[in-house]
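Trainee:
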Amino acid sequence: MSTYKNFLDKKGESRWQKVWEKTKAFAAADKSAKPKYYCLIEFPYPSGEGLHVGHPRSNTALDILARKRRMEGYNVLYPIGFDAFGLPSENYAIKTGIHPAITTEKNIKTFTTQLKALGFSFDWDRVITTTDPKYYKWTQWIFLKMYEHGLAYKAKIPINWCLSCKIGLANEEVVSGKCERCGGEVEKREKEQWMLKITNYADRLIEDLETVDYLDRIKQQQINWIGRSEGAEIDFVVVTSNKRQVTSLKVFTTRPDTLFGATFMVISPEHELLRNPAFANASAGRQKSEIRNQEEVEDYIRQAKSKSDLERTELNKEKTGVELKGLKAVNPATQKEIPIFVADYVLTSYGTGAIMAVPAHDQRDWDFAQKYGLPVVEVIAGGNIKEKAYEEIAEGKLVNSGQFNDLPVKAAIAEITLWLVKQGLGKKAVNYKLRDWVFSRQRYWGEPIPMVYCENCKKTGAVKDPLTGEASGWVRVPEKNLPVKLPDVKKYEPTDNGESPLSVITDWVNTKCPVCGGSARRETDTMPNWAGSNWYFLRYVDPKNDKALAAEKKLAHFIPVDWYNGGMEHTTLHLLYSRFVYKFLYDIGAVPKSCGSEPYKKRTSHGLILGEGGEKMSKSKGNVVNPDEVVKKFGADTFRVYEMFMGPFDQAIPWDTKGVVGVRRFLDRVYMVVSKIADDLKKSEIGNQRSEKSRLIHRTIKKVSEDIETQNYNTAVSALMIQFNGIDSRPDWRPRLEEMKGEYQVDLAALENFLKLLAPFAPHLVEELWEKLGNKKSIFKAAWPKADENLAKAEEFELIIQINGKFRDKVKVRSDITEQQAEIVARQSEKIKKYLDGQTVKNIVFVPGKLINFVI
RNA sequence: GGGCGAGUGGUGAAAUGGUAUACACGCUGGACUUAAAAUCCAGUGGCUGAAUAAGCCAUGUGGGUUCGAUUCCCUCCUCGCCCACCA
Numbered sequence: 024m025s026t027y028k029n030f031l032d033k034k035g036e037s038r039w040q041k042v043w044e045k046t047k048a049f050a051a052a053d054k055s056a057k058p059k060y061y062c063l064i065e066f067p068y069p070s071g072e073g074l075h076v077g078h079p080r081s082n083t084a085l086d087i088l089a090r091k092r093r094m095e096g097y098n099v100l101y102p103i104g105f106d107a108f109g110l111p112s113e114n115y116a117i118k119t120g121i122h123p124a125i126t127t128e129k130n131i132k133t134f135t136t137q138l139k140a141l142g143f144s145f146d147w148d149r150v151i152t153t154t155d156p157k158y159y160k161w162t163q164w165i166f167l168k169m170y171e172h173g174l175a176y177k178a179k180i181p182i183n184w185c186l187s188c189k190i191g192l193a194n195e196e197v198v199s200g201k202c203e204r205c206g207g208e209v210e211k212r213e214k215e216q217w218m219l220k221i222t223n224y225a226d227r228l229i230e231d232l233e234t235v236d237y238l239d240r241i242k243q244q245q246i247n248w249i250g251r252s253e254g255a256e257i258d259f260v261v262v263t264s265n266k267r268q269v270t271s272l273k274v275f276t277t278r279p280d281t282l283f284g285a286t287f288m289v290i291s292p293e294h295e296l297l298r299n300p301a302f303a304n305a306s307a308g309r310q311k312s313e314i315r316n317q318e319e320v321e322d323y324i325r326q327a328k329s330k331s332d333l334e335r336t337e338l339n340k341e342k343t344g345v346e347l348k349g350l351k352a353v354n355p356a357t358q359k360e361i362p363i364f365v366a367d368y369v370l371t372s373y374g375t376g377a378i379m380a381v382p383a384h385d386q387r388d389w390d391f392a393q394k395y396g397l398p399v400v401e402v403i404a405g406g407n408i409k410e411k412a413y414e415e416i417a418e419g420k421l422v423n424s425g426q427f428n429d430l431p432v433k434a435a436i437a438e439i440t441l442w443l444v445k446q447g448l449g450k451k452a453v454n455y456k457l458r459d460w461v462f463s464r465q466r467y468w469g470e471p472i473p474m475v476y477c478e479n480c481k482k483t484g485a486v487k488d489p490l491t492g493e494a495s496g497w498v499r500v501p502e503k504n505l506p507v508k509l510p511d512v513k514k515y516e517p518t519d520n521g522e523s524p525l526s527v528i529t530d531w532v533n534t535k536c537p538v539c540g541g542s543a544r545r546e547t548d549t550m551p552n553w554a555g556s557n558w559y560f561l562r563y564v565d566p567k568n569d570k571a572l573a574a575e576k577k578l579a580h581f582i583p584v585d586w587y588n589g590g591m592e593h594t595t596l597h598l599l600y601s602r603f604v605y606k607f608l609y610d611i612g613a614v615p616k617s618c619g620s621e622p623y624k625k626r627t628s629h630g631l632i633l634g635e636g637g638e639k640m641s642k643s644k645g646n647v648v649n650p651d652e653v654v655k656k657f658g659a660d661t662f663r664v665y666e667m668f669m670g671p672f673d674q675a676i677p678w679d680t681k682g683v684v685g686v687r688r689f690l691d692r693v694y695m696v697v698s699k700i701a702d703d704l705k706k707s708e709i710g711n712q713r714s715e716k717s718r719l720i721h722r723t724i725k726k727v728s729e730d731i732e733t734q735n736y737n738t739a740v741s742a743l744m745i746q747f748n749g750i751d752s753r754p755d756w757r758p759r760l761e762e763m764k765g766e767y768q769v770d771l772a773a774l775e776n777f778l779k780l781l782a783p784f785a786p787h788l789v790e791e792l793w794e795k796l797g798n799k800k801s802i803f804k805a806a807w808p809k810a811d812e813n814l815a816k817a818e819e820f821e822l823i824i825q826i827n828g829k830f831r832d833k834v835k836v837r838s839d840i841t842e843q844q845a846e847i848v849a850r851q852s853e854k855i856k857k858y859l860d861g862q863t864v865k866n867i868v869f870v871p872g873k874l875i876n877f878v879i
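Each residue of the first sequence is one higher than the last, beginning at 24 in this note's numbering.
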């Protein structure tokens, strides 16, 4: 007899993979009378380590969905590609001198082989790679469009600079404030960088979450990340010691009600006031600064700069700062002069980089005031400000606040804001934690930013910045000249001054200005690795188009994505960025309006697969499970089913090689029993019974169908096991294996339905058995079974009899039993008689189909 | 400090107001075998008990709502993830 092991040994799985590939079994049609369904998983980064066991968890889940949808009659698009720009290939190139394109190509081959060996039903004709110039042509095109619409601009932004490697580091390369490669010190250096104005879309990115079906925690995380808060922007006049007004400071506050309690101000070390040559900066040509302790201040700024992010947060208990002597701010409410400090507990990246400090009602300001002996003025009654700041907002009334005394906090916020607006001292304002997106990298292995700098055009004013309308030297590379291809370089390290390695390729950098024809220089920064993944799901619908990022008709057919599954770690970056970019493309009409303003209808997340000990898998811990070995040892189907069975899909879960065995045993049994039935059918040795007597199968159909939709894959597999093994090892639709020696009967309808339900989980095995049963067409051309609700409901059930809510007995009764009948039946039970003897029944609770409860 | 989530057998876990521990691993015993592996069969939360009699106790802790709570509400404890001097 042929066993499952024989099937695997004879390369049965790869035989089916070849059949699917040859017949293009899973190709999506560009046009179809069928309704479309777009399943999407995050395309992998083709790392040198090969596929991780985490990838198949997401891939299998949506593969199951894709296969089910096809059987339900949808035109399914389930594509795959590679997000191939990235640091590991580049670092490998720095180490070995091997071009990242070569490494990438090799890795993609490995990934492709591995993915195919798992039998995912991807449409392999639509594979895309972000490093392909035909692809990144359109990534560059999107950048040009953003620039054209005033969404891209250059700004001075600090980058992480490793002092010993002399290169700029990506945030992910800075580990606990040190350089990841050499362990050396990292400091901040300012550099001009391309920025994208994602903040323009902040409100829409929050509001439109109401129109999509994302897991709640995903929505919540995005909302928190965007961090919208409402408050007021207030101007504080800054004066010198001889009362001359030199400038003013803008602050953002969510608590304008505490304005009368503002007893000092704090600005961040990066604040522009400190660079203002008009009065603050002694080194910029002026002999005398208005700040009398200029040197002390500059020392402090230098120190703050050299502090790593870690130090800045680690030391957050002890606040430091320096007063700007010679300058004072005027509290617009009290007209009192208050001191100004520079301190690094104020962040330059939030609000205006300056705060009005209200020590009585903000703990951080309170701490600072204690340390520097600053006055603490209570303006909201109810706390004990000698002990700590009183931050409560719900109760408490204003004091020491002039005309606003006795107002409750909430009313005071509105009243004081109104007063500020009337006086011309401030306005209502909204602030976001979300920052504009730094889109430049001084790296080789990324999409070149398609811009050219022309000094001449800036002088003549021939080119204007679309955002500011001012004359600019930045000229867009014309669309017809795209893509701007990455040139070959000899060295892949960033240069000593932090520029990209592209900057030393002079014959590439020096070019002609597309506007005036004069000499100009190319932008040498490249895009971050998010750039290609922003819009890749659009390219899948039309991967070979060279006229547009995708044809309108095809976009209209497939977009939006119906179900997108990916890692929780991408919730705030990739997911938010790609929603932003999609909205932009939608706004400019690159995506038809009929697609809607959100790219993903539904977003779910899978949990991490951990090592056997429950720790994150990593090479250094030596607990990495290699998927190839699992496939080799147990087969792809076992691997797939195990990953679905191991636990709740959205939870992190440790790998357990022992657990794989259980799944393998189950599939072994399925193979053995069904192929025996198939053989005996051919020999006509069994009674073919299509009575559909089995009620269990209808319950299983219902359960498995629902569980796939709700991602309870673990209980779906368990339902399949129960269906096959039967309750008490006596399935009602087939004999046990030892009873199959002679003549026996099988409910073939139940068997076929069982195979259809198992097919998305274990496609190779089921195709084989389906063929053995005499079917000529793939099981994935068959229709997904429907549960008969009446049959799914049992004719009889076990009525639970409770006394005071405690289980005491059960008895088999008809499903349509009434309360009166149930009571009679229950009272006949010997056990129940014992409990009810001599007791008064106060109440009877009857739940149809479930139980009867006597309250005594 | 903020946000989100979790705590159930030896283990992964199931049950979302109604028999707590489905399914699977592991373990124990049995069948088959010269033997082992594999496979098959049976058992398997704890306690009392000879018992497959009967009963009690058990879903992190303490309380509440309910005829009935793993499930809903409150207190506390522990763990995980994300964010974090966000004005």
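Cβ atoms here follow ideal geometry from the backbone N, Cα and C, with glycine treated the same way. Please read these numbers as outputs of a predicted model, since none were measured by experiment.
1) Taking DSSP as the reference, what is the three-state secondary structure of Ala-377?
2) Cutting at 7 Å between CB atoms, please list the residues of its own chain near Leu-490, excluding the five before and the five after it.
3) Take every Cβ of the segment 766-782, pair it with every Cβ of the segment 793-810, and state whether three or more of those distances are shorter than 8 Å.
4) My output table needs one value for Lys-835: the three-state DSSP class, helix, strand or coil.
5) Give the secondary structure of Leu-572 by DSSP, where H, G and I count as helix, E and B as strand, and everything else as coil.
6) Could you check if Ser-717 is buried or exposed, using at least 16 other CB atoms within 10 Å of its CB as the buried criterion?
7) Expressed to the nearest angstrom, what Euclidean distance is found between the alpha-carbon atoms of Ile-867 and Ile-840?
8) Alpha carbon to alpha carbon, how far is Gly-349 from Ser-264? Give it in angstroms, no decimals.
9) Counting only the same chain and skipping the five closest in sequence on each side, list residues whose C-beta sits under 7 Å from that of Gly-828.
10) With distance defined between alpha-carbon atoms, name the residue in Val-432, Glu-410, Asn-407 and Val-512 nearest to Ile-416.
11) Tell me whether Gly-555 sits in a helix, a strand or coil according to DSSP, three-state version.
12) In the DSSP assignment, what are the bridge partners of Leu-421?
13) Taking 8 Å as the cut-off, decide whether the C-beta atoms of Ile-290 and Leu-272 are in contact.
14) Classify Cys-205 as helix, strand or coil using the three-state DSSP reduction.
15) With DSSP run on the structure shown, which of helix, strand or coil describes Lys-450?
16) Is DSSP giving Cys-539 helix, strand or coil here?
17) Is the distance from the Cβ of Val-235 to the Cβ of Lys-624 below 8 Å?
18) Specify the secondary structure class of Trp-875 as computed by DSSP and reduced to three states.
19) Decide if the segment 697-706 is in contact with the segment 652-671; the criterion is three or more beta carbon pairs, one per stretch, under 8 Å apart.
20) Any heavy atom of the ligand HEM closer than 7 Å to the CB of Ile-879?
21) Under three-state DSSP, which class holds His-580?
22) For Ile-246, does the three-state DSSP call read helix, strand or coil?
23) If distances are taken between C-alpha atoms only, which option among Glu-293, Cys-62, Lys-359 and Glu-313 comes closest to Ala-301?
24) If we count the other Cβ atoms within 10 Å of its Cβ and call it buried at 16 or more, is Pro-551 buried or exposed?
25) Check Val-76 in the structure and name its three-state DSSP category.
26) So, is Arg-663 buried or exposed, given that buried needs 16 or more other C-beta atoms within 10 angstroms?
27) Just the Cα atoms here: how many angstroms apart are Ala-307 and Lys-220?
28) With which residues is Gln-216 paired in a DSSP beta bridge?
29) Can you give me the C-alpha to C-alpha distance between Gly-406 and Gly-447, rounded to a whole angstrom?
30) Reducing DSSP to helix, strand and coil, say where Pro-123 ends up.
31) Kindly provide the ranges of any beta strand (DSSP E) runs that are 3 or more residues long and lie completely inside the segment 677-737, ordered along the chain.
32) Using a threshold of 8 Å, state whether the C-beta atoms of Pro-292 and Lys-328 are closer than that.
33) Kindly indicate which three-state DSSP category Gln-40 falls into: helix, strand or coil?
34) Short of 8 Å in beta carbon distance, which residues of its chain neighbour Ile-879, apart from the five on each side in sequence? Order them along the chain.
35) Tell me whether Val-648 sits in a helix, a strand or coil according to DSSP, three-state version.
36) Which partner residues of Phe-869 appear in the DSSP bridge assignment?
Mentor: Inspection of the coordinates gives the following:
1) strand
2) Gly-173 and Tyr-176
3) yes
4) strand
5) coil
6) buried
7) 15 Å
8) 5 Å
9) Asn-876
10) Val-432
11) helix
12) Ile-403
13) yes
14) coil
15) strand
16) coil
17) yes
18) With the sequence shown as reference, residue 875 is identified as Ile, and Trp is not the correct amino acid for it. In this structure, Ile-875 counts as strand in the three-state DSSP scheme.
19) no
20) This structure simply doesn't include the ligand HEM, nor any ligand for that matter.
21) helix
22) helix
23) Glu-313
24) buried
25) coil
26) buried
27) With a pLDDT of 49 at Ala-307, under the threshold of 50, the modelled position of this residue cannot be trusted; read the value that follows with caution. Each residue's alpha carbon lies about 31 Å from the other.
28) Ala-178
29) 32 Å
30) helix
31) 710-712
32) yes
33) helix
34) Ile-826, Asn-827, Tyr-858, Leu-859, Gln-862, Thr-863, Val-864 and Lys-865
35) coil
36) Ile-875
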